[in-house]
Structure formats: C-alpha cells, structure tokens
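Asks:
2 protein chains.
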Amino acid sequence: MSNSHDKGLENRYDSLELITQEVLERYAQTPDPRLRELMLSLIKHIHSFAKEVKLTADEWNFTMSFLEQTGKWCSPGRNEFMIFSDALGLSMLTVTQDYPRPAHATEPTLVGPFLLEDAPQFPMGADISAGATGTPMHAQGQILTMDGQPVANAVIDVWHSDDRGLYDVQDGLEERGAWARAVLTTGGDGRFSFWSVLPVDYPVPQDGTAIQMLKATTGRSWRPAHLHFRIRAPGQRPLITHIFDRTSKNLDGDAVFGVRPSLIADFKHQASGIAPDGKDMMRDFYTLDYNFVMTDAIQ
Amino acid sequence: MSNSHDKGLENRYDSLELITQEVLERYAQTPDPRLRELMLSLIKHIHSFAKEVKLTADEWNFTMSFLEQTGKWCSPGRNEFMIFSDALGLSMLTVTQDYPRPAHATEPTLVGPFLLEDAPQFPMGADISAGATGTPMHAQGQILTMDGQPVANAVIDVWHSDDRGLYDVQDGLEERGAWARAVLTTGGDGRFSFWSVLPVDYPVPQDGTAIQMLKATTGRSWRPAHLHFRIRAPGQRPLITHIFDRTSKNLDGDAVFGVRPSLIADFKHQASGIAPDGKDMMRDFYTLDYNFVMTDAIQ
Numbered sequence: 186m187s188n189s190h191d192k193g194l195e196n197r198y199d200s201l202e203l204i205t206q207e208v209l210e211r212y213a214q215t216p217d218p219r220l221r222e223l224m225l226s227l228i229k230h231i232h233s234f235a236k237e238v239k240l241t242a243d244e245w246n247f248t249m250s251f252l253e254q255t256g257k258w259c260s261p262g263r264n265e266f267m268i269f270s271d272a273l274g275l276s277m278l279t280v281t282q283d284y285p286r287p288a289h290a291t292e293p294t295l296v297g298p299f300l301l302e303d304a305p306q307f308p309m310g311a312d313i314s315a316g317a318t319g320t321p322m323h324a325q326g327q328i329l330t331m332d333g334q335p336v337a338n339a340v341i342d343v344w345h346s347d348d349r350g351l352y353d354v355q356d357g358l359e360e361r362g363a364w365a366r367a368v369l370t371t372g373g374d375g376r377f378s379f380w381s382v383l384p385v386d387y388p389v390p391q392d393g394t395a396i397q398m399l400k401a402t403t404g405r406s407w408r409p410a411h412l413h414f415r416i417r418a419p420g421q422r423p424l425i426t427h428i429f430d431r432t433s434k435n436l437d438g439d440a441v442f443g444v445r446p447s448l449i450a451d452f453k454h455q456a457s458g459i460a461p462d463g464k465d466m467m468r469d470f471y472t473l474d475y476n477f478v479m480t481d482a483i484q
Numbered sequence: 186m187s188n189s190h191d192k193g194l195e196n197r198y199d200s201l202e203l204i205t206q207e208v209l210e211r212y213a214q215t216p217d218p219r220l221r222e223l224m225l226s227l228i229k230h231i232h233s234f235a236k237e238v239k240l241t242a243d244e245w246n247f248t249m250s251f252l253e254q255t256g257k258w259c260s261p262g263r264n265e266f267m268i269f270s271d272a273l274g275l276s277m278l279t280v281t282q283d284y285p286r287p288a289h290a291t292e293p294t295l296v297g298p299f300l301l302e303d304a305p306q307f308p309m310g311a312d313i314s315a316g317a318t319g320t321p322m323h324a325q326g327q328i329l330t331m332d333g334q335p336v337a338n339a340v341i342d343v344w345h346s347d348d349r350g351l352y353d354v355q356d357g358l359e360e361r362g363a364w365a366r367a368v369l370t371t372g373g374d375g376r377f378s379f380w381s382v383l384p385v386d387y388p389v390p391q392d393g394t395a396i397q398m399l400k401a402t403t404g405r406s407w408r409p410a411h412l413h414f415r416i417r418a419p420g421q422r423p424l425i426t427h428i429f430d431r432t433s434k435n436l437d438g439d440a441v442f443g444v445r446p447s448l449i450a451d452f453k454h455q456a457s458g459i460a461p462d463g464k465d466m467m468r469d470f471y472t473l474d475y476n477f478v479m480t481d482a483i484q
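First to last, the protein sequences are chains Z and D.
Each residue of the first sequence is one higher than the one before, counting from 186 in my numbering.
Each residue of the second sequence is one higher than the one before, counting from 186 in my numbering.
Below, the structure is given as structure tokens:
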C-alpha cells in the first residue's frame, strides 16, 4: 500500500474485533452446551491465529485450495486429514489427554490414517500376511487387566506395512483384498499370537498433500517400523497403540510424534529352526513378545 | 474413569505440554520464515484449543470423518471448506484485515464458494442471464479510481443466484453451461451495464456438511440477496465484493457475516416501459445503479 493513503485508512483493527465479537455472539446461541463450548473456543483460536499472523487473502486462498485437494486424497482406509492432525501433534495430544491410565497400563498412541473397520478375521496363531512380502515374523503376548488377569474375548485389530513400507490400502486393496491386517479374538487365557512379515520404516504417503507440508516444514516425513494394535474387550477401555522396533533409525524423529519409550520392543532376529509355536522354519525369522495391559472402562 | 485409579495416574498435563513443545521445536526448523511463522502460530492455537476444551478421542474421530466428508462436497465452482471459513467468520476477518483502504473506497467482502475462473465473456450491456429464471434486472455503474477517474480495461466478474436461490454451479453446470455469470470489460469511460435476473435470498447449500454445522449451532443459514463482483484492473488492487438488496429480510443475520452497510443498495422496482438502456420492457423489472471505487495496487 502506498504511504500516501495511510491517513485515510479506517481503523481496521477495531473492525476486526467487531467481526470476532459478532461471530462469537452468534455461536453463543448453539443449543448443545458441549458443542457451544467447542465452537466458541475454536472460533476464538482461529480468529486469534488469523490476526496474530496477519493472514493474507492469498494465504487464505491457498489454504482453501489445499483443503480441497486434501479431500481428494481420502479413500477407504486413508484419511489425509488425519495425517495432518498426526503431523501437527494434535492426534497425540488428544490421545494422551483423553486416556488417563495407571502408570503400568500400556500407553496409547495415535490410530493413524490406515485403520479399516471389518478387517478379515483369522484364527489365533494364523499367518495374516496374506501375500505381503517380507521376512517372517512371529508375534505373541497376552492381554491383561490392570490387576494382571487375562482378558478373554478381547478383539484385536492388527495392521502393518510390508517390506516396501506400504499398507494394503496403498496397494490395490479392492483388487487384492486386505493383507498384513487381521482381527483376532482371545480365548480364556487372554493370549494372542500370529505370523506375518516384519514391518519396516516408511515415509508418510508420497502422493498426498500432507507430505507437501512436511517437505516444506520439518523435513521429517519418516515413521519408525511398527505394528498397529487396536484392542477392545468388555469392561475395558479400547486401547489403540503401536509396538515400535527398537532397531529403527527413526525413533527420535517420528513424523507424527507417536513414539513412547514404553512402546519400543525387541523384534528379535532368529536363525532358522523351531519357532515359538513349534513350526520348523527353513529361513531366518523374527520374534516379538509383548503383553498389553488395558485400563478399566470409564465409569 | 473409576476413582480408585486416580492415585496411579501419570501427570498427563505435564505430558501434554511436552508434546506441544516437541512439535513446536520440530516446526521451528521450517526454512521459509513466513511459513515458519504461520505453522508455529497454527500449532500453538490448535493445541491450545484441544487442551482448553479437553478434546476427546470421540470428538477427534468425528472431526476427522467430518473433514473427509466435507472434501467430498467439493466440485468445480464449489469449495465446501470455504463455506466453513465463511460461516466461522474467518473469511471476513481475512478480507477486512488484508484490504486497507481509504474510507471512500468500496468495501470488500468475501468471495464465497461459487466463483468460477474463465466465466463466459459478454459485451457490455448484454443479457447475461443465459436462461436463468427470474424478474428482469438492469444493473449499471462506473468503475472509478480513488481520485474519481474512470478505470478503463477493468475486467468485471459478476455472478449471482436465480429466483430459486441457486447458482449455475448447483444446477448442472456441465450440461447447461454457465448462467447468471459473466465477464465484462470496461471501455475508456469505466462504465458497465448488463441485464440479468433479480437475485433472491437463499440458504447455504442444503446438501453439504456446512449446513449440518449451521443447523446444529447458530440456526442461521440464509444469505441476503446479492450480486457478486470481482473487479480487476491495471494499477488497482483487485476488489471482491457483493452488492446487497436493501429489501432483504436477512441483512441482519447473514449466515457468513458478509454484509457491510456501504454495500447495501436499492434494487428499484420499475413498471413496464423504457429501461435505462432504451429498451422497451413489456413487463416490470428492476434497476440498480452502483459505482465502485477501487484502491491503488499495493506498492
């Protein structure tokens, strides 16, 4: 703006406050108290952000277009908006805030964008890789209550990458069906076990908008190798978490801030021979032992 | 959560601060200074919001799904995310903040979700309704500089609703082509004129996610009747604004906070007879006279 016009300018900062006030007054009429609380806080923070950074019309236009593009990258088993939430730390903040637990209960972490409801069911001990490529891995453990009792009828969703760092939802899910993804249900002993392939480190999807944001900002787009678990059981609070591979080079720089020390475990290299389930392995493989401690359902 | 576990809880509020701190430290490495400023402020406000309202995992899940659904309502000429920005007052805040102007220059207002680039060009004075239904309307005026000089070669985009309150982008644009939408270019006198149909009040689109939010919150989803203008000319700052119909019942409760008193004008009812351009009208019609004062381009 040329300086010669400065004297004629309206006091535009007064106007900005009037806009915020008008919007807040309107949304104060929201009937539901919780929704009202959410909307008023959201509006206050969005407006504060825009004023604090003096958001320009060009930046606003870019953002609107970027949000529209982000919507186009969503598909069954992939929510690109979740990757933004994950990459901005909002997911871990919410998970941590909304999951009070005793210190000895398993820590939750973010769900990530790739959970599918209605994954295929497998019998306990089965190979869930379903054609996924990679080094064989046997995982086992027990689902326990806070008091150390086995959790019967726990429904375990497990999903993870293959040795390319891809998930089934990124590689023709509709044609090939699910792979490296299963639902398992515990018996009275609360134990679980399955065969699959060893997960590897991988970057956030390379074809969406979230990766564009990460490349322009933190430059950290990789995730350490991990297995995803969602465990649900009667009387227990649903637990969504990962188990991370201690040998990963990306434990300190997870693109989505999901690593917690208690969730790092040993995926142990084993020479060919007898596996934990008695299977005679002709090639090297990995084993994982991990017990999950659930928390009681919220009263 | 049952009270018996309270003593064993981690201090989760300390953890929340550590998460925010870790995220801010990571994004502080953003190379571009302006992007760094935007990201750090955005993260700070998103985290503050989530902590202030104690956002739950269920609310987060709903939000992620709602964003994904919002993406599905976007199509050429309709950006559903813009309707949220408009309805939360962010659009007017940005427009007002980023458009310093002398008091006598025309006020800007929000662009809205329905602008199309590359709209059809019409000669000055043409009927741009292109089949839109409604009462005939003649609009005319002049594009002026801040010093009152006519602006030659101003490119004017105009777009508006028909008498059902719909835009072409909401009614089979691909099959019917554009209607009630045009690009006009001024000559040396800076004057413009066109025929079309009188716009009417209308609600935010009834089939998307923004209307769901408005119904659950403010209950105000209507916009007062208006014409949209975007005016671009060499040496002038692009002006995006509306002209509102003074007889509208919704001037005080615009769903998107776009009304400014200086943008309210008289759409005058005229009995059949000679129109401003000399045309002999066999039925009643409306006339609008409005001059736009642009501001100099930013130096």
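We treat Cβ as the ideally placed atom computed from N, Cα and C, and that holds for glycine.
Looking only at its chain, what residues have a beta carbon closer than 7 Å to the beta carbon of residue 224 (chain Z), apart from the 5 residues adjacent to it on each side?
Replies: Here residue 224 (chain Z) is taken as the residue at index 39 of the first sequence, counted from 1. For residue 224 (chain Z), where only same-chain residues beyond five positions count, the Cβ hits under 7 Å are 212, 215.
Asks: Using only alpha-carbon positions, find the residue among D:319, D:255, D:399 that is nearest to residue 250 (chain Z).
Replies: Counting from 1 along the first sequence, the entry for residue 250 (chain Z) is found at position 65. Closest by alpha carbon: D:255.
Asks: Kindly give me the distance between the Cβ atoms of residue 291 (chain D) and residue 424 (chain D), rounded to whole angstroms, as I take these residues to be in contact under 8 Å.
Replies: As a first step, residue 291 (chain D) is located in the second sequence; it is residue number 106 there, counting from the start. As a first step, residue 424 (chain D) is located in the second sequence; it is residue number 239 there, counting from the start. Yes, residue 291 (chain D) and residue 424 (chain D) are in contact; Cβ-Cβ is about 6 Å, under 8 Å.
Asks: With 16 as the cutoff for other CB atoms within 10 Å, does residue 217 (chain D) come out buried or exposed?
Replies: By one-based count along the second sequence, residue 217 (chain D) stands at place 32. Classification for residue 217 (chain D): exposed.
Asks: Note down, in chain order, all residues in the region 222 to 233 of chain Z with a beta-carbon under 7 Å from any beta-carbon belonging to chain D.
Replies: Per Cβ criterion, the list reads 222, 223, 224, 226, 227, 228, 230, 231, 232, 233.
Asks: Under three-state DSSP, which class holds residue 380 (chain Z)?
Replies: Your numbering for residue 380 (chain Z) matches position 195 in the first sequence. DSSP places residue 380 (chain Z) in strand when its eight states are reduced to three.
Asks: Report the option in Z:371, Z:445, Z:284 whose CA atom is closest to the CA atom of residue 207 (chain D).
Replies: Counted from its first residue, the second sequence places residue 207 (chain D) at position 22. It is Z:445.
Asks: Looking only at C-alpha atoms, which of Z:387, Z:229, Z:234, Z:227 sits nearest to residue 227 (chain D)?
Replies: Within the second sequence, numbered from 1, the residue matching residue 227 (chain D) stands at position 42. Among Z:387, Z:229, Z:234, Z:227, the Cα nearest to that of residue 227 (chain D) belongs to Z:234.
Asks: Residue 267 (chain D): buried (16+ other C-beta within 10 angstroms of its C-beta) or exposed?
Replies: As a working note, residue 267 (chain D) is residue 82 in the second sequence. It is buried - the Cβ of residue 267 (chain D) has at least 16 other Cβ atoms within 10 Å.
Asks: Let me see if you follow: with CB-CB separation under 7 Å, is residue 214 (chain D) close to chain Z or not?
Replies: Walking along the second sequence from the start, residue 214 (chain D) turns up at place 29. Closer than 7 Å to some Cβ of chain Z, the Cβ of residue 214 (chain D) qualifies, so yes.
Asks: Select from Z:264, Z:236, Z:392 the residue whose C-alpha is nearest the C-alpha of residue 296 (chain Z).
Replies: For this step, residue 296 (chain Z) is matched to residue 111 along the first sequence. It is Z:264 whose Cα lies nearest to the Cα of residue 296 (chain Z).
Asks: For a quick check, are the C-beta atoms of residue 410 (chain Z) and residue 386 (chain Z) less than 7 Å apart?
Replies: Translated into the one-based positions of the first sequence, residue 410 (chain Z) becomes position 225. Translated into the one-based positions of the first sequence, residue 386 (chain Z) becomes position 201. Yes, Cβ-Cβ distance for residue 410 (chain Z) and residue 386 (chain Z) is below 7 Å.
Asks: Less than 7 Å between the C-beta atoms of residue 205 (chain D) and residue 230 (chain D), yes or no?
Replies: As a working mapping, residue 205 (chain D) is identified with position 20 in the second sequence. As a working mapping, residue 230 (chain D) is identified with position 45 in the second sequence. Not in contact: residue 205 (chain D) and residue 230 (chain D) (Cβ atoms no closer than 7 Å).
Asks: Is the beta carbon of residue 378 (chain Z) sitting closer than 7 Å to the one on residue 310 (chain Z)?
Replies: The residue given as residue 378 (chain Z) occupies position 193 in the first sequence. The residue given as residue 310 (chain Z) occupies position 125 in the first sequence. Closer than 7 Å, so yes.
Asks: Report buried or exposed for residue 191 (chain Z), applying the criterion of at least 16 other Cβ atoms within 10 angstroms of its Cβ.
Replies: Start at 1 with the first residue of the first sequence, and residue 191 (chain Z) comes out as number 6. Residue confidence for residue 191 (chain Z) is low, a pLDDT of 44 falling below 50, so the modelled location carries little weight; the figure read from the coordinates is stated next. That one is exposed.
Asks: Could you pull the DSSP bridge partners for residue 426 (chain D) from this structure?
Replies: Position 241 of the second sequence, counted from the start, is the residue given in the question as residue 426 (chain D). Paired residue(s): D:414.
Asks: Hey, does residue 235 (chain D) have any beta-carbon neighbour from chain Z nearer than 7 Å?
Replies: Counting from one through the second sequence, the residue named residue 235 (chain D) turns up at place 50. Chain Z contact via Cβ: present.
Asks: Pick helix, strand or coil for residue 249 (chain Z), following the three-state DSSP scheme.
Replies: The sequence position of residue 249 (chain Z) within the first sequence is 64, counting from 1. Three-state result, residue 249 (chain Z): helix.
Asks: Alpha carbon to alpha carbon, how far is residue 412 (chain D) from residue 200 (chain Z)? Give it in angstroms, no decimals.
Replies: Residue numbering aside, residue 200 (chain Z) sits at position 15 when the first sequence is read from its first letter. Residue numbering aside, residue 412 (chain D) sits at position 227 when the second sequence is read from its first letter. Taking the straight line joining both Cα atoms gives about 23 Å.
Asks: Within 10 Å of its beta-carbon, does residue 454 (chain Z) have 16 or more other beta-carbons around it, so buried, or fewer, so exposed?
Replies: In the first sequence, counting from the first residue as 1, residue 454 (chain Z) sits at position 269. Classification of residue 454 (chain Z): exposed, given that the 10 Å Cβ count is below 16.
Asks: Can you tell me whether residue 334 (chain D) is buried or exposed? The criterion is at least 16 other CB atoms within 10 Å of its CB, across all chains shown.
Replies: By 1-based counting over the second sequence, the position of residue 334 (chain D) is 149. It counts as exposed.
Asks: Within 7 Å (strictly less), CB to CB, does residue 334 (chain Z) reach chain D?
Replies: The residue you call residue 334 (chain Z) lines up with position 149 of the first sequence. Judged by the 7 Å Cβ criterion, residue 334 (chain Z) is not in contact with chain D.
Asks: Mind checking whether residue 341 (chain Z) and residue 416 (chain Z) have CB atoms under 7 Å apart?
Replies: Residue numbering aside, residue 341 (chain Z) sits at position 156 when the first sequence is read from its first letter. Residue numbering aside, residue 416 (chain Z) sits at position 231 when the first sequence is read from its first letter. It is a contact, given that the beta carbons lie within the stated cut-off.
Asks: Can you give me the C-alpha to C-alpha distance between residue 318 (chain D) and residue 294 (chain D), rounded to a whole angstrom?
Replies: Against the second sequence, residue 318 (chain D) aligns to sequence position 133. Against the second sequence, residue 294 (chain D) aligns to sequence position 109. Taking the straight line joining both Cα atoms gives about 26 Å.
Asks: Strictly below 8 Å CB to CB, what residues from chain D border residue 400 (chain Z)?
Replies: Position 215 of the first sequence, counted from the start, is the residue given in the question as residue 400 (chain Z). The contacting residues do not exist; residue 400 (chain Z) stays about 10 Å from chain D at best.
Asks: Using a C-beta to C-beta distance shorter than 7 Å, which residues of chain Z count as neighbours of residue 283 (chain D)?
Replies: As a working mapping, residue 283 (chain D) is identified with position 98 in the second sequence. Near residue 283 (chain D) (Cβ distances below 7 Å), the residues of chain Z are 241, 242.
Asks: Run through DSSP, which three-state label would residue 307 (chain Z) get?
Replies: Along the first sequence, one-based indexing puts residue 307 (chain Z) at 122. Residue 307 (chain Z) falls in the coil class under three-state DSSP.
Asks: Would you say residue 477 (chain Z) faces chain D, with C-beta separation under 7 Å as the test?
Replies: Numbered from 1 along the first sequence, position 292 holds the residue referred to as residue 477 (chain Z). No - not a single Cβ of chain D is within 7 Å of the one on residue 477 (chain Z).
Asks: If you compare alpha carbons, which of Z:262, Z:347, Z:248 is closest to residue 253 (chain D)?
Replies: The residue given as residue 253 (chain D) occupies position 68 in the second sequence. Nearest of Z:262, Z:347, Z:248 to residue 253 (chain D), Cα basis: Z:262.
Asks: Taking all protein chains shown into account, decide if residue 278 (chain Z) is buried (16 or more other Cβ within 10 angstroms of its Cβ) or exposed.
Replies: Position 93 of the first sequence, counted from the first residue, corresponds to residue 278 (chain Z). Classification for residue 278 (chain Z): buried.
Asks: Hey, residue 442 (chain D) and residue 274 (chain D): beta-carbon distance below 7 Å or not?
Replies: Residue mapping note: residue 442 (chain D) aligns to position 257 of the second sequence, counting from 1. Residue mapping note: residue 274 (chain D) aligns to position 89 of the second sequence, counting from 1. Yes.
Asks: Would you check if the distance between the CB atom of residue 325 (chain D) and the CB atom of residue 474 (chain D) is smaller than 7 Å?
Replies: Here residue 325 (chain D) corresponds to residue number 140 of the second sequence, with the count starting at 1. Here residue 474 (chain D) corresponds to residue number 289 of the second sequence, with the count starting at 1. Yes; because the gap between Cβ atoms is below 7 Å, this pair is in contact.
Asks: List the residues of chain Z whose Cβ lies closer than 9 Å to the Cβ of residue 264 (chain D), in chain order.
Replies: For the purposes of this step, residue 264 (chain D) is taken as the residue at position 79 of the second sequence. Going along chain Z in sequence order, the residues near residue 264 (chain D) (Cβ under 9 Å) are 249, 250, 252, 253.
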